[in-house]
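For reference, the structure is listed below as structure tokens.
Number of protein chains: 2
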Amino acid sequence: MPTNGTRMAGPEIHATDPWTPGHPKKHVRHQLLSDDERAQLAKIAAIVRFEKGERIYNQGDRADAVFNIISGVVTAYRMLADGPPVMSFLYPGDLFGLTEEARYINTARATTPVIAYKMPLQSVQRILSSSASLDVQVIVKLCDELRQAQHHAVLLTQKRAVKRLAMFLELQEHLQIARNEPTSEIYLPMDRSSIADYLGITLPALSRAFRALVVKKMIATRGRHHVKVLDREAFKNIADA
Amino acid sequence: MPTNGTRMAGPEIHATDPWTPGHPKKHVRHQLLSDDERAQLAKIAAIVRFEKGERIYNQGDRADAVFNIISGVVTAYRMLADGPPVMSFLYPGDLFGLTEEARYINTARATTPVIAYKMPLQSVQRILSSSASLDVQVIVKLCDELRQAQHHAVLLTQKRAVKRLAMFLELQEHLQIARNEPTSEIYLPMDRSSIADYLGITLPALSRAFRALVVKKMIATRGRHHVKVLDREAFKNIADA
DNA sequence: GGTACTCTTTGACGGCGATCAAAAAAGAAA
DNA sequence: TTTCTTTTTTGATCGCCGTCAAAGAGTACC
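Keeping their order, the protein sequence lines are chains S and R.
Counting with this note's numbering, you get residues 1152 to 1392 for the letters of the first sequence.
Counting with this note's numbering, you get residues 1152 to 1392 for the letters of the second sequence.
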């Protein structure tokens, strides 16, 4: 589940515009901002870099900025008292850094090298309150995020580990398609333990679920980060079932 | 998880104002609407009644209105291909009827007799687009809902059924407190199978989880819809763990 | 290229919950 | 009330996954 972070428009990068990382006019799913509004927001954004594994902020930290990913993958997770964290994976175009009572509600860590726009919370709020259509944009994002959260809950109600994994792989594939990335292989930037946490199962159980799909010739793995769907029909049968 | 529906301000009822069911000036958590805006919205709202068990709308129906509960409990659920539905329970003040591409994303059914405001989607959108501060109100609601969705995901990552149940009971208790209702007993208007679906376990497993808590003298049940916490410390120990 | 580390896989075992089935309790209707 | 239906509980068995432990693969660093 996306604990935080909101899917945005396009997959590519536009250096001066934190709100429309997509190609300026092509392949933009939601075109809800005027040039003027985008220009306003571009002014307050700074470009920041994080190396792989680096902490971006901690749960409970005083929130001072929201982030918008330019490139790379961010893992956001909420720590619980005992159990595994609740996680979400964020890709270019995703917004993250949502707050509750002025504090970050989760921890964000760069899963790959990450470049992102950093926008001071104060400035964002000022602009937000002076522009009604920006609000609409945010609402659209929140609805997207809500759908993802719901999808995660759907996934977690599945009882067999193989089905959770299949649903997860299908989701990743769909996200890749939405980002206009090559779709012959599914790319999984995060490590196995992150996936296990996301699926709500243990690492050994995840490993066995992978094996089960490989043995049945439904998928093939190349290294740790690449999966190819071999038997599409059988695969969809498990994932959608 | 709340598949849909958004928590709003107060617990009580104000007959002419669909957006602030709470007492006009007291105990209102979010006071984000001007009198003018509330008056605008009151004009377009109709009061509708549903009897216990009645369907309010079906998943996939063309969406023509959003609802705001005045009294009663609504269960919203999304049907899946095979598995159990993903559900949410909605109480007075909750907004529901969110859409995806002009169609309802879930099915809503009255769990108890329900009275609600029904607001034509068109009118809501028109007013929304002409009022920036209403947008903010909606954003607050979406954030609330997102938190609930996250809480549901947290619950579903728990592996033992007793813990899921304890977390659920604790959540219901908190919602009751937020609604300023008596808190000596936890009231569960929905039936066991709805709870089981929400917890992602089967009905027998839920029954055993209840029994386990009763046998350990942590809770006592009165009829099907009332639960009392006897050993608060042990109970919180399981729920928060 | 070699070494040390982390990440991942595999194995064995036990427990919890799913499943199937039937009994019991609660509610609804007559 | 009595009867019928629906909901909930209980029981028995099986399978999946959690747990603990160790071996293997991959990666980073020197």
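Cβ coordinates follow ideal geometry from the N, Cα and C atoms, glycine included.
Query raised in the report: Is residue 1251 (chain S) helix, strand or coil when you go by DSSP?
Result: strand
Query raised in the report: Mind checking whether residue 1266 (chain S) and residue 1200 (chain S) have CB atoms under 7 Å apart?
Result: yes
Report task. Measuring alpha carbon to alpha carbon, tell me which of S:1387, S:1331 and S:1250 ends up nearest residue 1276 (chain S). Result -> S:1250
Requested in this report: Could you work out which residues of chain R lie near residue 1304 (chain S), taking near to mean beta carbons separated by less than 7 Å?
Outcome: 1152, 1237, 1300, 1303, 1304 and 1307
Query - Beta-carbon proximity of residue 1390 (chain S) to residue 1317 (chain S), cut-off 7 Å - result: yes
Query raised in the report: Which chain S residues sit within Cβ distance under 7 Å of residue 1204 (chain R)?
Result: None at all; the shortest Cβ gap to chain S is about 23 Å.
Query - Complete beta strand (DSSP E) runs within the segment 1326-1389 of chain S (minimum length 3 residues, chain order) - result: 1370-1373 and 1377-1380
Query raised in the report: How close, in whole Å, do the beta carbons of residue 1293 (chain R) and residue 1293 (chain S) come, if the pair is a contact with beta carbons under 8 Å?
Result: 4 Å
Requested in this report: Below 8 Å on the Cβ atoms is my guess for residue 1230 (chain R) versus residue 1210 (chain R); work out the distance and round it to an integer in Å.
Outcome: 6 Å
Query - residue 1227 (chain R) in three-state terms, based on DSSP - result: strand
Query raised in the report: By how many angstroms is the C-alpha of residue 1309 (chain R) removed from the C-alpha of residue 1384 (chain R)?
Result: 20 Å
Requested in this report: Kindly indicate which residue of S:1221, S:1337, S:1299 and S:1366 has the alpha-carbon position closest to the one of residue 1268 (chain S).
Outcome: S:1221
Query - Reduced DSSP secondary structure (H/G/I, E/B, other) of residue 1256 (chain S) - result: coil
Query raised in the report: Would you call the segment 1331-1345 of chain R and the segment 1247-1264 of chain R touching, i.e. three or more CB-CB distances under 8 Å?
Result: yes
Query - Counted within 10 angstroms of its Cβ, other Cβ atoms place residue 1303 (chain S) as buried (16 or more) or exposed - result: buried
**Report entry** Straight-line Cα distance separating residue 1299 (chain S) from residue 1438 (chain R)
**Finding:** Outside the displayed span of chain R (1152 to 1392) sits residue 1438 (chain R), for which this structure offers no information.
Query raised in the report: Taking Cβ to Cβ, would you say residue 1347 (chain S) is nearer than 7 Å to residue 1354 (chain S)?
Result: yes
Query raised in the report: Thinking C-beta only, is residue 1216 (chain S) closer than 7 Å to residue 1247 (chain S)?
Result: no
Query - Sub-7 Å separation of residue 1381 (chain S) and residue 1392 (chain S) beta-carbons - result: no
Requested in this report: Give the range of the beta strand (DSSP E) segment to which residue 1242 (chain S) is assigned.
Outcome: Neither: residue 1242 (chain S) is in no beta strand (DSSP E) and is coded neither H nor E.
Requested in this report: Report yes if the C-beta distance between residue 1196 (chain R) and residue 1255 (chain R) is below 7 Å; otherwise report no.
Outcome: no
Query raised in the report: residue 1301 (chain S) to residue 1307 (chain S), Cα distance in whole Å?
Result: 10 Å
Requested in this report: Using a Cβ cut-off of 7 Å (strictly closer), state whether residue 1248 (chain R) contacts chain S.
Outcome: no
Report task. Verify the CB distance criterion: does residue 1241 (chain R) have a CB-CB separation below 7 Å to chain S? Result -> no
Query raised in the report: Which partner residues of residue 1271 (chain S) appear in the DSSP bridge assignment?
Result: S:1216
**Report entry** Span of the beta strand (DSSP E) around residue 1200 (chain R)
**Finding:** 1197-1201
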